[in-house]
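Here is the structure we will look at.
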Amino acid sequence: MAKKSKVSLADQGFTATDNQKWNLGTEALVEEALRNGEGSLAKGGALVVATGKHTGRSATDKFIVRDAETENSVWWGKTNVAMTPENFAALKADFLAALAEKPKLYVQDLFGGSQSEYRVNVRVINE
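First residue of the sequence shown? That's 1 in the working numbering, and the numbers climb one at a time after it.
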């Protein structure tokens, strides 16, 4: 069983499902994908999935809260669109409400960056 973080989703304001899978390794994630009907195994054992029609990120769908901290440190424009703190709060509330209805969540506590002195903690939550 994968280790659950000391910082729960509830500690971060989430009222999410009790069916949470924390920090699963590759083998366990592949087993979950197969069990959920989200892919199949190729001849060599690799997981194969159909990604659907939209597989890339949209460079113009990046919004950043514009406030005193970001006002002069972000290059505002087409690729960094400003969002008010109020808009962010409303979006976050909608997200948290939708997340609470999910039957199962996968939570991964990871790092961004390869050098330990510069890396940052990142939590990824998927359904």
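We put the beta carbon where it would ideally sit given N, CA and C, even for glycine.
Does lysine 92 come out as helix, strand or coil in the three-state DSSP assignment? In the sequence shown, the residue the question calls residue 92 occupies position 92. Residue state, collapsed to three classes: helix.
Whole-angstrom distance between leucine 91 and glutamate 101, CA atom to CA atom: Here residue 101 refers to the residue found at position 101 when the sequence shown is read from its first residue. Here residue 91 refers to the residue found at position 91 when the sequence shown is read from its first residue. In a straight line, the C-alpha of glutamate 101 is about 16 Å away from that of leucine 91.
Does the pairing of the stretch 81-97 with the stretch 113-126 give three or more beta-carbon distances under 8 Å? no
Count the other C-beta atoms from every protein chain shown that fall within 10 angstroms of the C-beta of valine 107, then say buried if there are 16 or more, exposed otherwise. Taking the sequence shown and counting its residues from 1, the one referred to as residue 107 is at position 107. Its Cβ being crowded by 16 or more others within 10 Å, valine 107 is buried.
Taking C-alpha atoms, which residue in Asn121, Glu69, Asp109 lies nearest to asparagine 23? In the sequence shown, residue 23 corresponds to position 23, counting from 1. Comparing Cα-Cα distances from asparagine 23 to each of Asn121, Glu69, Asp109, the minimum goes to Asp109.
Alpha-carbon to alpha-carbon, leucine 9 and proline 103: Residue numbering aside, residue 103 sits at position 103 when the sequence shown is read from its first letter. Residue numbering aside, residue 9 sits at position 9 when the sequence shown is read from its first letter. C-alpha separation (whole angstroms): 15 Å.
Can you tell me whether leucine 105 is buried or exposed? The criterion is at least 16 other CB atoms within 10 Å of its CB, across all chains shown. Counting from one through the sequence shown, the residue named residue 105 turns up at place 105. Buried is the call here.
DSSP three-state assignment for asparagine 87, whether helix, strand or coil: As a working note, residue 87 is residue 87 in the sequence shown. In the structure shown, asparagine 87 sits in a helix (DSSP, three-state: H, G or I).
Contact between the stretch 58-74 and the stretch 40-49: three or more CB pairs below 8 Å? no
Could you check whether leucine 96 and glycine 13 sit closer than 8 Å to each other, using their CB atoms as the reference points? Counted from its first residue, the sequence shown places residue 13 at position 13. Counted from its first residue, the sequence shown places residue 96 at position 96. For glycine 13 and leucine 96, yes; Cβs fall inside 8 Å.
CA nearest to the CA of glycine 52, picked from Trp76, Gly39, Thr84: One-based indexing of the sequence shown puts residue 52 at position 52. Answer by Cα proximity: Gly39.
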